[in-house]
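The structure appears right after this line, and notes come after that.
2 protein chains.
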Amino acid sequence: MSLAEAQRLDAADPLRARRAHFRLPEGITYLDGNSLGALPDGAPAHISGVVEREWGEGLVRSWNDAGWIDMPRRVGTKIAPLIGAEAGEVIACDSVSVNLFKLIWAALCMRPERKTVLSEPGNFPTDIYMLNGLAGRGLAVPRLAAADMLEQALDSDVALLLLPHVHYQTGAMHDLARLTRAAHDAGALVLWDLSHSAGAVPVDLASCEADFAVGCGYKYLNGGPGAPGFAYVAQRHLKALEQPLTGWMGHSDPFSFRDDYEAAPGIEKLLAGTPSILALAALEHGAELIADIGVAALVAKSRALSEFTRQAAARIIPELPCISPADPAARGSQLSWRHDSAFALSQALIARGVIGDFRTPDVLRFGFAPAYNSFADCWHALEQLRAVLDSGEWQREEFNRRGRVT
Amino acid sequence: MSLAEAQRLDAADPLRARRAHFRLPEGITYLDGNSLGALPDGAPAHISGVVEREWGEGLVRSWNDAGWIDMPRRVGTKIAPLIGAEAGEVIACDSVSVNLFKLIWAALCMRPERKTVLSEPGNFPTDIYMLNGLAGRGLAVPRLAAADMLEQALDSDVALLLLPHVHYQTGAMHDLARLTRAAHDAGALVLWDLSHSAGAVPVDLASCEADFAVGCGYKYLNGGPGAPGFAYVAQRHLKALEQPLTGWMGHSDPFSFRDDYEAAPGIEKLLAGTPSILALAALEHGAELIADIGVAALVAKSRALSEFTRQAAARIIPELPCISPADPAARGSQLSWRHDSAFALSQALIARGVIGDFRTPDVLRFGFAPAYNSFADCWHALEQLRAVLDSGEWQREEFNRRGRVT
Numbered sequence: 012m013s014l015a016e017a018q019r020l021d022a023a024d025p026l027r028a029r030r031a032h033f034r035l036p037e038g039i040t041y042l043d044g045n046s047l048g049a050l051p052d053g054a055p056a057h058i059s060g061v062v063e064r065e066w067g068e069g070l071v072r073s074w075n076d077a078g079w080i081d082m083p084r085r086v087g088t089k090i091a092p093l094i095g096a097e098a099g100e101v102i103a104c105d106s107v108s109v110n111l112f113k114l115i116w117a118a119l120c121m122r123p124e125r126k127t128v129l130s131e132p133g134n135f136p137t138d139i140y141m142l143n144g145l146a147g148r149g150l151a152v153p154r155l156a157a158a159d160m161l162e163q164a165l166d167s168d169v170a171l172l173l174l175p176h177v178h179y180q181t182g183a184m185h186d187l188a189r190l191t192r193a194a195h196d197a198g199a200l201v202l203w204d205l206s207h208s209a210g211a212v213p214v215d216l217a218s219c220e221a222d223f224a225v226g227c228g229y230k231y232l233n234g235g236p237g238a239p240g241f242a243y244v245a246q247r248h249l250k251a252l253e254q255p256l257t258g259w260m261g262h263s264d265p266f267s268f269r270d271d272y273e274a275a276p277g278i279e280k281l282l283a284g285t286p287s288i289l290a291l292a293a294l295e296h297g298a299e300l301i302a303d304i305g306v307a308a309l310v311a312k313s314r315a316l317s318e319f320t321r322q323a324a325a326r327i328i329p330e331l332p333c334i335s336p337a338d339p340a341a342r343g344s345q346l347s348w349r350h351d352s353a354f355a356l357s358q359a360l361i362a363r364g365v366i367g368d369f370r371t372p373d374v375l376r377f378g379f380a381p382a383y384n385s386f387a388d389c390w391h392a393l394e395q396l397r398a399v400l401d402s403g404e405w406q407r408e409e410f411n412r413r414g415r416v417t
Numbered sequence: 012m013s014l015a016e017a018q019r020l021d022a023a024d025p026l027r028a029r030r031a032h033f034r035l036p037e038g039i040t041y042l043d044g045n046s047l048g049a050l051p052d053g054a055p056a057h058i059s060g061v062v063e064r065e066w067g068e069g070l071v072r073s074w075n076d077a078g079w080i081d082m083p084r085r086v087g088t089k090i091a092p093l094i095g096a097e098a099g100e101v102i103a104c105d106s107v108s109v110n111l112f113k114l115i116w117a118a119l120c121m122r123p124e125r126k127t128v129l130s131e132p133g134n135f136p137t138d139i140y141m142l143n144g145l146a147g148r149g150l151a152v153p154r155l156a157a158a159d160m161l162e163q164a165l166d167s168d169v170a171l172l173l174l175p176h177v178h179y180q181t182g183a184m185h186d187l188a189r190l191t192r193a194a195h196d197a198g199a200l201v202l203w204d205l206s207h208s209a210g211a212v213p214v215d216l217a218s219c220e221a222d223f224a225v226g227c228g229y230k231y232l233n234g235g236p237g238a239p240g241f242a243y244v245a246q247r248h249l250k251a252l253e254q255p256l257t258g259w260m261g262h263s264d265p266f267s268f269r270d271d272y273e274a275a276p277g278i279e280k281l282l283a284g285t286p287s288i289l290a291l292a293a294l295e296h297g298a299e300l301i302a303d304i305g306v307a308a309l310v311a312k313s314r315a316l317s318e319f320t321r322q323a324a325a326r327i328i329p330e331l332p333c334i335s336p337a338d339p340a341a342r343g344s345q346l347s348w349r350h351d352s353a354f355a356l357s358q359a360l361i362a363r364g365v366i367g368d369f370r371t372p373d374v375l376r377f378g379f380a381p382a383y384n385s386f387a388d389c390w391h392a393l394e395q396l397r398a399v400l401d402s403g404e405w406q407r408e409e410f411n412r413r414g415r416v417t
């Protein structure tokens, strides 16, 4: 393995031309697209058009004339093929956290004789945080079980199995089909958090008969910082679904301004308040770029990048234990290693122009964005990490100072 | 009264130079800033900077380096003086509807022996829609009473009085101080929806001892279509406050990624998921422009515009009944008239370059944005309305076709 081999793989990469669709700053190797996706090259002009033409010139008329009112469904429809969903089953709105709340509530309403929501400890915590308020009012009973104990924990009290599909630290990926089936066998519903999945790993909600899902717009979908999330409801549940954030945009006829709430018949019933059009415009542009590549090509590239990096890391940084699954089919689009000073390593790497991510307390994480990362990126990042380790430069005080976001 | 008088008033207007801070399209008279505020002239460059420099070049580092993580509080602090609040009592995030849900829930937790939420029928309905889910699970009992019956309806069952400050149709403005006192006398809390107030009418939450408030970023604050809303919690309630949308950004230490939720001690506890930075950036720019003018000048200009228009309308369109209060101190920054074909009138006006608003079933509404509207705007709009009425052009089929947003 060598830089030359990485370059050979890049030359043969069917997605190699896609990299030019993103602005990657000069001198930066970016392996953190699973925290914040890179800026699409066309996004600034697209957003400017929405700001200057649609807002500035169209003003309030753009709700009709520029189709703003249809954006949440339209963007959702563009995301749908990336997760094995149909048009009308996905909507882009609010944040992942807020969408989790809606769908946890909805699931509890559909299983009125059950209150337990089963999840996994140590995974991305917003999922279980969203149970906090419901638990305080006696509406939900959280239950946590380690990944390998989840199936045993699925008893007749469980209304909902709520899981992030890909673990944000280790990259371990749940078997979505098997766990969905197990939950259904126990009479429970399933809500998948696809934040680290959509746009990078295979997800087929329809064939797995998943009930609900949410996901993130600012990671592999490149929708910009804090982009709206998305929410999925299987067609068969749409009619009966009740969610609690019954704002005017989720009404069947919002501009009738009636006092009584009547939910929209379709996926729009998940809307609450007025969605940010600027945020949706950026997400629409990013999601289109990714959907245009298609799941099969994204998954193939993701697996090739992570497998190349895993094997190269075993030679270049053998002293760092890799905590991600060795089987590419069992992990997301990322690799993580443990080191007591992972924070300082990640800061020292940034100083060398390599942006990965630190996750407390001791995880160094590289994410692989199949649309724009190259094999040479991965090789270069590992070589720089070797140099950081060899030089001991990570021990400098400047690399050990925490920011607010660390 | 005449165009010349309007022009004299404009020449003497201390805010006349502010109009140039907004992009108002050539040939358009815009009296709908209370639906969607106009584009600030500096907003496109500001948003581009956030997109190209902060997102494109800074990438994930901008959460620290560009201060993204502090934006919800920072923007809230800029809005605070417009509503008589202190720094640390206001935060910009999510939508008005979602913020209503958080604070209705919080109020119910603070009055555990009461369940009734009192509001007004016929006002902007998202406020009472947000009670729908809570009522369905038995957590809240909605009660509606007409504006002049609210004080009588405040009995010992009422946990919360929930009211829009300014009526979206008539512009009638509640006496915020008196109703807050009445609610407190009955042992209830108060949540004010300032969507049609902030940036245009006097609001002094502190001196009125209001408990909670929410408001809109895309009307008089010019934050762009679907801009984030804001939420206010009186300092004295912050410590005990519990809200249900306990996402990771509201955690006391979000980047500790702990399984147990511990709310942030301050106003950040109202955050749920990751906020849209693009949406917040646009709102920050718009709110700064308005806050820089200051409440006193905004209120004086708003009242002068609406009073000039009310008196001119009585002469120019005398056959249209004005449904807004005649006392400038009793109304918001708007005037409304009834006409059976208000929708067609508003469409015919748009064809003549005058954008006001139609509100179902029969209301034609002009909103006055004190930062950029002129007396000549108001005069011109009334003259055009006269011409539309005289010509009968509003009866054309093209002006009677409804869009999705009407």
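The listed protein sequences derive, respectively, from chains A and B. Position 282, counted from 1, in the first sequence is what the numbering used here calls 293; the numbers after and before it change by one each time, with no gaps. Position 87, counted from 1, in the second sequence is what the numbering used here calls 98; the numbers after and before it change by one each time, with no gaps. Every residue, glycine too, gets a C-beta built ideally from N, C-alpha and C. Since the structure is predicted, the reported quantities are computational estimates derived from the model, not experimental observations.
Any Cβ of chain A within less than 7 Å of the Cβ of Ser347 of chain B?
-> Translated into the one-based positions of the second sequence, residue 347 of chain B becomes position 336. Not an interface residue.
Coarse secondary structure for Asp159 of chain B, derived from DSSP in three states | Residue numbering aside, residue 159 of chain B sits at position 148 when the second sequence is read from its first letter. Looking at Asp159 of chain B - three-state DSSP - the assignment turns out to be helix.
Ala170 of chain B, enclosing beta strand (DSSP E) - first and last residue = By 1-based counting over the second sequence, the position of residue 170 of chain B is 159. Residues 169 to 175.
Using a beta-carbon distance cut-off of less than 9 Å, what residues from the segment 242 to 267 of chain B approach chain A?
-> Glu253, Gln254, Pro255, Leu256, Thr257, Gly258, Trp259, Met260, Gly261, His262, Pro265, Phe266, Ser267
When you compare each of A:Ala56, A:Ser59, A:Gly261 to Leu249 of chain A by their alpha carbons, which one comes out closest?
-> By 1-based counting over the first sequence, the position of residue 249 of chain A is 238. The shortest C-alpha separation from Leu249 of chain A is found at A:Gly261.
Using a cut-off of 7 Å between C-beta atoms, extract the partners of Asn143 of chain A located in chain B.
-> Indexing the first sequence from 1 puts residue 143 of chain A at position 132. What Asn143 of chain A touches in chain B: Thr257, Tyr272.
Step through the CB atoms of chain B and report whether any lies within less than 7 Å of the CB of Ile288 of chain A.
-> Indexing the first sequence from 1 puts residue 288 of chain A at position 277. Chain B contact via Cβ: present.
Phe410 of chain B in three-state terms, based on DSSP = As a position in the second sequence, residue 410 of chain B is number 399, starting the count at 1. Phe410 of chain B: helix per DSSP, three-state reduction.
Please list the residues of the segment 131 to 157 of chain B that have a C-beta atom closer than 8 Å to any C-beta atom in chain A, keeping them in chain order.
-> Pro132, Gly133, Phe135, Pro136, Thr137, Ile139, Tyr140, Met141, Asn143, Gly144, Leu145, Gly147, Arg148, Leu150, Leu155
Thinking C-beta only, is Ala15 of chain B closer than 7 Å to Tyr383 of chain B?
-> Within the second sequence, residue 383 of chain B is the residue found at index 372, counting from 1. Within the second sequence, residue 15 of chain B is the residue found at index 4, counting from 1. Cβ atoms of Tyr383 of chain B and Ala15 of chain B: not closer than 7 Å.
With 7 Å set as the bound, which would you pick, yes or no: does the beta-carbon of Ile58 of chain B sit closer than that to a beta-carbon of chain A?
-> The residue you call residue 58 of chain B lines up with position 47 of the second sequence. For Ile58 of chain B, the answer is yes, since a Cβ of chain A falls inside 7 Å of its Cβ.
Is Ser108 of chain A near the ligand HEM, going by C-beta to nearest heavy atom under 6 Å?
-> With respect to the ligand HEM, the structure offers nothing, as it holds no ligand at all.
Whose Cβ in chain B lies nearer than 7 Å to the Cβ of Asn75 of chain A?
-> Walking along the first sequence from the start, residue 75 of chain A turns up at place 64. Result: Gly414, Arg415, Val416.
So with Cβ pairs under 7 Å, would you call Trp390 of chain B a contact of chain A?
-> If you number the second sequence from 1, residue 390 of chain B lands on position 379. No, Trp390 of chain B lies away from the interface with chain A (no Cβ there is under 7 Å from its Cβ).
Using a Cβ cut-off of 9 Å, pull out every chain B residue sitting near Arg370 of chain A, in sequence order please.
-> Sequence index remark: in the first sequence, residue 370 of chain A carries index 359 (1-based). Those are Phe266, Phe268, listed as they occur along chain B.
In whole angstroms, what is the alpha-carbon distance linking Ser287 of chain A and Ala209 of chain B?
-> As a first step, residue 287 of chain A is located in the first sequence; it is residue number 276 there, counting from the start. As a first step, residue 209 of chain B is located in the second sequence; it is residue number 198 there, counting from the start. Distance between the alpha carbons of Ser287 of chain A and Ala209 of chain B is about 19 Å.
Buried versus exposed call for Ser13 of chain B [16 or more other C-beta atoms within 10 Å across all chains shown] = Against the second sequence, residue 13 of chain B aligns to sequence position 2. With fewer than 16 other Cβ atoms within 10 Å, it is exposed.
What residue ranges within the segment 116 to 151 of chain A form continuous alpha helix (DSSP H) runs of no fewer than 4 residues, ordered along the chain?
-> 137 to 140, 143 to 147
Give me the Cα-Cα distance between Phe112 of chain B and Ala387 of chain B, rounded to the nearest whole angstrom.
-> Translated into the one-based positions of the second sequence, residue 112 of chain B becomes position 101. Translated into the one-based positions of the second sequence, residue 387 of chain B becomes position 376. Between Phe112 of chain B and Ala387 of chain B, the C-alpha separation is close to 41 Å.
Min CB distance Ser108 of chain A to chain B below 7 Å | Your numbering for residue 108 of chain A matches position 97 in the first sequence. At least one chain B Cβ lies under 7 Å of Ser108 of chain A.
Who are the Cβ neighbours of Asp52 of chain B in its own chain at under 8 Å, not counting the five residues just before and after it?
-> By 1-based counting over the second sequence, the position of residue 52 of chain B is 41. Excluding residues within five positions, the ones whose Cβ falls inside 8 Å are Ala31, His32, Phe33, Arg34.
Pick from A:Pro55, A:Pro92, A:Asn233, A:Ala380: whose alpha carbon is nearest that of Val214 of chain A?
-> By 1-based counting over the first sequence, the position of residue 214 of chain A is 203. Nearest of A:Pro55, A:Pro92, A:Asn233, A:Ala380 to Val214 of chain A, Cα basis: A:Pro92.
CA-CA distance, Ala355 of chain A and Ala183 of chain A?
-> By 1-based counting over the first sequence, the position of residue 355 of chain A is 344. By 1-based counting over the first sequence, the position of residue 183 of chain A is 172. Distance between the alpha carbons of Ala355 of chain A and Ala183 of chain A: 24 Å.
CB Pro36 of chain A to CB Glu68 of chain B, shorter than 7 Å?
-> To locate residue 36 of chain A, count along the first sequence from 1; it is residue 25. To locate residue 68 of chain B, count along the second sequence from 1; it is residue 57. It is a contact, given that the beta carbons lie within the stated cut-off.
Spatial neighbours of Val177 of chain B in its chain, beta-carbon cut-off 7 Å, leaving aside the 5 residues before and after | Against the second sequence, residue 177 of chain B aligns to sequence position 166. Counting only Cβ-Cβ distances below 7 Å, and skipping sequence neighbours, we find Met184, His207, Ser208, Val212, Gly343.
Residue from A:Asp24, A:Leu393, A:Gln18 with nearest C-alpha to Ala311 of chain A = Your numbering for residue 311 of chain A matches position 300 in the first sequence. Of the candidates A:Asp24, A:Leu393, A:Gln18, the one whose C-alpha sits nearest the C-alpha of Ala311 of chain A is A:Asp24.
Using three-state DSSP, classify Pro51 of chain B as helix, strand or coil.
-> For the purposes of this step, residue 51 of chain B is taken as the residue at position 40 of the second sequence. Pro51 of chain B: strand per DSSP, three-state reduction.
Let me know the beta strand (DSSP E) ranges lying completely inside the segment 190 to 258 of chain B, each 3 residues or longer, listed in chain order.
-> 200 to 204, 223 to 226, 241 to 244
Gly378 of chain A - containing beta strand (DSSP E), residue span = Here residue 378 of chain A corresponds to residue number 367 of the first sequence, with the count starting at 1. Start and end: 374 to 378.
Whole-angstrom Cβ separation of Val152 of chain B and Ala197 of chain B, contact assumed at under 8 Å?
-> Against the second sequence, residue 152 of chain B aligns to sequence position 141. Against the second sequence, residue 197 of chain B aligns to sequence position 186. At roughly 15 Å, the Cβ-Cβ gap does not stay under 8 Å, so Val152 of chain B and Ala197 of chain B are not in contact.
Would you check if the distance between the CB atom of Glu131 of chain B and the CB atom of Leu174 of chain B is smaller than 7 Å?
-> Your numbering for residue 131 of chain B matches position 120 in the second sequence. Your numbering for residue 174 of chain B matches position 163 in the second sequence. Contact flag set, yes.
Kindly list, in the order they appear in chain B, the residues whose Cβ is closer than 8 Å to that of Asp105 of chain A.
-> In the first sequence, the residue the question calls residue 105 of chain A occupies position 94. Per Cβ cutoff of 8 Å: Asp105, Ser106, Val109, Gly284.
Would you be able to state if there are at least three C-beta pairs under 8 Å between the segment 352 to 366 of chain A and the segment 403 to 411 of chain A?
-> yes
Which residue from B:Leu114, B:Leu165, B:Phe268, B:Ala164 puts its Cα closest to that of Leu142 of chain B?
-> The sequence position of residue 142 of chain B within the second sequence is 131, counting from 1. Considering only alpha carbons, the answer is B:Leu114.
Chain A beta carbons: is any one of them nearer than 7 Å to that of Phe112 of chain B?
-> Counted from its first residue, the second sequence places residue 112 of chain B at position 101. Phe112 of chain B counts as touching chain A.
Along the chain, where does the alpha helix (DSSP H) that runs through Cys389 of chain B open and close?
-> Your numbering for residue 389 of chain B matches position 378 in the second sequence. Its alpha helix (DSSP H) spans residues 386 to 402.
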